[in-house]
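Let me begin by presenting the structure, written as structure tokens, before commenting on it.
Number of protein chains: 2
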Amino acid sequence: MSTAKTRHHHGDLKRALIQAGIDLLEEGGLEALSLRKCAARAGVSHAAPAHHFAGLPGLITAIAEEGFDIFSKYMTDAIHAGEQTDRERLRGICRGYLQFGLSHSGLLKVMFGEHGLGVHVPRKDNREEAEAYLILRGVCAPFVPEGEDPHIVEAQVWSLIHGFTLLYLGGEFGCADTPIEDSPFEAVMALIDRIGTQAKA
Amino acid sequence: MSTAKTRHHHGDLKRALIQAGIDLLEEGGLEALSLRKCAARAGVSHAAPAHHFAGLPGLITAIAEEGFDIFSKYMTDAIHAGEQTDRERLRGICRGYLQFGLSHSGLLKVMFGEHGLGVHVPRKDNREEAEAYLILRGVCAPFVPEGEDPHIVEAQVWSLIHGFTLLYLGGEFGCADTPIEDSPFEAVMALIDRIGTQAKA
DNA sequence: AAGATTAACTTTACAGTGTCAAAATTGAGT
DNA sequence: ACTCAATTTTGACACTGTAAAGTTAATCTT
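Protein sequence lines correspond, in order, to chains A and B. FYI, the numbering used here numbers position 4 of the first sequence as 4, with every residue one higher than the one before it. Plus 201 on top of the position in the second sequence (first one is 1) and you've got the numbering used here.
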């Protein structure tokens, strides 16, 4: 069952197709991703992918799952660097979020975007995405007021960094060229810093 | 120049094509939008749109511009309802942002998303988008500390509501069915309320 | 070991798509 | 009436996803 290793013709076509898809995505963006090109890159006929994925939506879903794995890695890397306070970890996860977006914008779009194909990207009932969310949850936990719903802080942090990342990637802040230091990223981090504190009367 | 009114064959084909595109978008999402279908709806041959738009990307750009007009209307409506405090206006604009997303998710994706076509959606040098941004700026202005860059508050508010709207629309909060009141929207508004206040020592 | 069975892949075909070049039509100006 | 330019159509091409049927190769059964 599952992904066989050395099967009939191609060693592991499913894996090869996903990788080809990721490559195409990172090289030419979403417009460059097609089933037939993936098949060609894997050295296989154009209809072969149909036996491994439910069409193009299926391949994109598989790519998105892979994307969430890489995404998790970016976030864990950002919070595992030496000793950090809870608040440094919170900032770290945000920086990891943005860094992932900068390095893998195509994947991010496939993971969260609609990509015009009416595909339902995996939600939190998906293993990879759930894992990424648990990382966020762990970092947010110290800032959840006792007895309150953790979803509140999580939604605040997630919305803020997700929105910033997408707007920044889209060039909406008019600073796609300027370094992050000069971007509104610090402004967003300043607001993050206020999560879990109390407002002055 | 510009959009002629009663020209040769079709009264105002450009206008008709944009409207057909919006209709297709709201009916069947991004996947349903195609140049040929727009042409058919406008009762015109499949190659006619090429003379009015720079291909599909051009049509999408035009639709996005139209979207920003509607978007602006949602926000102004939300802040023109009776007498409001500055803070109520700030909450109002956020609610308008979300309401627009709920009512016109297809347009929102076209306006900000990548839609897999490598299209550059209009940025702030575009009239319609600039107008929408100025509304945001006006509402944020009272919360900008004296002598500070207004972009800071704007980026905070925009990132927060933009991220929340997209995540909510994507079902990422696992509450696409539950009403807004039970969603994390109030959590995000609570963070919005803290903008422009000082953190307690 | 030999035949049957199933999985992996290919071939062929079809309906859509965007896009281009050339031809035909139409409206307005003179 | 003629000209002319803007507008639209026609026809073609390459590309896409997808479905059905055929082919090959590995595994299973006896």
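Beta carbons are placed, not taken as given, at the ideal position from N, Cα and C, and that holds for glycine. Please read all numbers here as calculations on a predicted model, not as lab measurements.
In three-state terms, what does DSSP make of Ala54(A)? Position 54 of the first sequence holds residue 54(A). Residue state, collapsed to three classes: coil.
Closest to Ala190(A) by CA distance: which of Cys94(A), Leu35(A), Val144(A) is it? For the purposes of this step, residue 190(A) is taken as the residue at position 190 of the first sequence. Checked all of Cys94(A), Leu35(A), Val144(A); the closest Cα to Ala190(A) is Cys94(A).
Count the other C-beta atoms from every protein chain shown that fall within 10 angstroms of the C-beta of Lys401(B), then say buried if there are 16 or more, exposed otherwise. As a position in the second sequence, residue 401(B) is number 200, starting the count at 1. So Lys401(B) ends up on the exposed side.
Taking beta-carbon pairs under 9 Å, can you tell me which members of the stretch 184-200 of chain A lie near chain B? Pro184, Phe185, Glu186, Ala187, Val188, Ala190, Leu191, Asp193, Arg194, Ile195, Thr197, Gln198, Ala199, Lys200
Reduced DSSP category for Ala282(B) - H, G, I as helix; E, B as strand; rest coil: Residue 282(B) sits at position 81 when you count from the first residue of the second sequence. It is coil, neither helix nor strand.
Just to make sure I have the definition right: I need the residues of chain B whose C-beta is within less than 8 Å of the C-beta of Lys124(A). Which are they? Your numbering for residue 124(A) matches position 124 in the first sequence. Here the neighbours are Glu373, Gly375.
In its own chain, which residues sit with a C-beta less than 8 Å from the C-beta of Gln84(A), not counting the 5 before and 5 after it? Numbered from 1 along the first sequence, position 84 holds the residue referred to as residue 84(A). Excluding positions up to five away in sequence, the list reads Gly92.
Ala199(A), DSSP secondary structure in three states: Taking the first sequence and counting its residues from 1, one reaches residue 199(A) at position 199. Of the three classes helix, strand and coil, the one that applies to Ala199(A) here is strand, per DSSP.
Where does Glu349(B) sit, in a helix, a strand or coil, going by DSSP? As a working note, residue 349(B) is residue 148 in the second sequence. In this structure, Glu349(B) counts as coil in the three-state DSSP scheme.
Would you say Ser360(B) lies against chain A (beta-carbon separation less than 8 Å)? Working through the second sequence from its first residue, we reach residue 360(B) at position 159. Chain A contact via Cβ: present.
Select from Gly43(A), Leu134(A), Leu90(A) the residue whose C-alpha is nearest the C-alpha of Ile161(A). Counted from its first residue, the first sequence places residue 161(A) at position 161. Ranking Gly43(A), Leu134(A), Leu90(A) by Cα distance to Ile161(A) puts Leu90(A) first.
Could you name the residues of chain B that Leu166(A) contacts, counting a contact when the two beta carbons are closer than 8 Å? Translated into positions along the first sequence, residue 166(A) becomes position 166. Residues of chain B passing the Cβ test: Phe313, His363, Gly364, Leu367.
Can you list the residues of chain B that Ile152(A) reaches, using a CB-CB cut of under 7 Å? Walking along the first sequence from the start, residue 152(A) turns up at place 152. The answer, in chain order, is Pro385, Ala388.
So for Glu31(A), helix, strand or coil by DSSP? As a first step, residue 31(A) is located in the first sequence; it is residue number 31 there, counting from the start. Glu31(A) falls in the helix class under three-state DSSP.
Using 8 Å as the threshold, is the C-beta distance between Ala221(B) and Arg242(B) below it? Here the question's residue 221(B) lines up with position 20 in the second sequence. Here the question's residue 242(B) lines up with position 41 in the second sequence. Yes, the Cβ-Cβ distance between Ala221(B) and Arg242(B) is below 8 Å.
Inter-residue CB distance, Leu370(B) and Ser306(B) (contact presumed, cutoff 8 Å): Along the second sequence, one-based indexing puts residue 370(B) at 169. Along the second sequence, one-based indexing puts residue 306(B) at 105. 5 Å between Cβ atoms; contact.
First and last residue of the alpha helix (DSSP H) that includes Phe386(B)? Along the second sequence, one-based indexing puts residue 386(B) at 185. Segment 386-393, the alpha helix (DSSP H) holding Phe386(B).
Using three-state DSSP, classify Gly319(B) as helix, strand or coil. Position 118 of the second sequence, counting from 1, holds the residue named residue 319(B). In this prediction, Gly319(B) has a pLDDT of 44, which is less than 50 and means its spatial position is unreliable; what the coordinates show is noted afterwards. Gly319(B): coil per DSSP, three-state reduction.
What do you reckon, are the CB atoms on Asp193(A) and Arg87(A) nearer than 8 Å? Locating residue 193(A) in the first sequence gives position 193, counting from the first residue. Locating residue 87(A) in the first sequence gives position 87, counting from the first residue. In this structure, Arg87(A) lies closer than 8 Å to Asp193(A) by Cβ.
At a CB-CB cut-off below 7 Å, which residues of chain A make contact with Gln357(B)? The count along the second sequence starts at 1 and reaches residue 357(B) at position 156. Near Gln357(B) (Cβ distances below 7 Å), the residues of chain A are Ala187, Val188, Leu191.
For Thr3(A), which residues in the same chain have their Cβ closer than 8 Å to its Cβ, ignoring the five residues on either side in sequence? For the purposes of this step, residue 3(A) is identified with residue 3 of the first sequence, where counting begins at 1. Unreliable placement is indicated for Thr3(A), whose pLDDT of 38 sits below 50; no coordinate value is reported for it.
According to DSSP, is Arg324(B) helix, strand or coil? Here residue 324(B) refers to the residue found at position 123 of the second sequence. If DSSP states are grouped into helix, strand and coil, Arg324(B) belongs with coil.
Looking at the structure shown, is Met344(B) part of a helix, part of a strand, or coil, going by DSSP? The residue labelled residue 344(B) in the question sits at position 143 within the second sequence. Position check: residue 344(B) holds Phe in this sequence, whereas Met was assumed. Of the three classes helix, strand and coil, the one that applies to Phe344(B) here is helix, per DSSP.
Whose C-beta lies closer than 7 Å to the C-beta of Tyr97(A) among residues of the same chain, with five residues either side of it excluded? The residue you call residue 97(A) lines up with position 97 of the first sequence. Correct list, in chain order: Met75, Ile161, Thr165.
Here's the rule: buried if 16 or more other CB atoms are within 10 angstroms of the residue's CB, otherwise exposed. What is Thr262(B)? The count along the second sequence starts at 1 and reaches residue 262(B) at position 61. By the 10 Å Cβ count, Thr262(B) comes out buried.
My understanding is that Met312(B) touches Gly268(B), with C-beta atoms under 8 Å, so please give their C-beta distance in whole angstroms. Start at 1 with the first residue of the second sequence, and residue 312(B) comes out as number 111. Start at 1 with the first residue of the second sequence, and residue 268(B) comes out as number 67. So it is a contact: roughly 5 Å between Cβ atoms.
With C-beta atoms as the reference, is Val188(A) less than 8 Å away from Ser360(B)? In the first sequence, the residue the question calls residue 188(A) occupies position 188. In the second sequence, the residue the question calls residue 360(B) occupies position 159. Closer than 8 Å, so yes.
In chain order, what residues of the same chain have a beta carbon less than 6 Å from the beta carbon of Val144(A), not counting five sequence neighbours either side? Position 144 of the first sequence, counted from the first residue, corresponds to residue 144(A). Hits under 6 Å: Pro150, Val153.
Which value, in whole angstroms, describes the spacing of the CA atoms of Gly174(A) and His10(A)? The count along the first sequence starts at 1 and reaches residue 174(A) at position 174. The count along the first sequence starts at 1 and reaches residue 10(A) at position 10. Rounded to whole angstroms, Gly174(A) to His10(A) spans 47 Å at the Cα level.
Is the beta carbon of Leu218(B) less than 8 Å from the beta carbon of Pro250(B)? Here residue 218(B) refers to the residue found at position 17 of the second sequence. Here residue 250(B) refers to the residue found at position 49 of the second sequence. The answer is yes: Cβ separation under 8 Å.
Report the rounded CA-to-CA distance for Asp372(B) versus Ser384(B), giving the unit in angstroms. For this step, residue 372(B) is matched to residue 171 along the second sequence. For this step, residue 384(B) is matched to residue 183 along the second sequence. The sequence given here places Gly at residue 372(B); Asp does not occur at that position. Near 11 Å, if we compare the C-alpha coordinates of Ser384(B) and Gly372(B).
Taking the C-alpha atoms as reference points, what is the distance between Ala141(A) and Glu148(A)? Within the first sequence, the letter at position 141 stands for residue 141(A). Within the first sequence, the letter at position 148 stands for residue 148(A). The straight-line gap from Cα to Cα measures roughly 11 Å.
Distance cutoff 8 Å, beta carbons only. Does Ile18(A) sit that close to anything in chain B? Residue numbering aside, residue 18(A) sits at position 18 when the first sequence is read from its first letter. No, its Cβ sits nowhere closer than 8 Å to a Cβ of chain B.
Please tell me whether Ile22(A) and Ser72(A) are closer than 8 Å, where the distance is taken between their beta carbons. Counted from its first residue, the first sequence places residue 22(A) at position 22. Counted from its first residue, the first sequence places residue 72(A) at position 72. Going by C-beta atoms, Ile22(A) is not nearer than 8 Å to Ser72(A).
Helix, strand or coil: which one does DSSP assign to Asp182(A)? Working through the first sequence from its first residue, we reach residue 182(A) at position 182. Looking at Asp182(A) - three-state DSSP - the assignment turns out to be helix.
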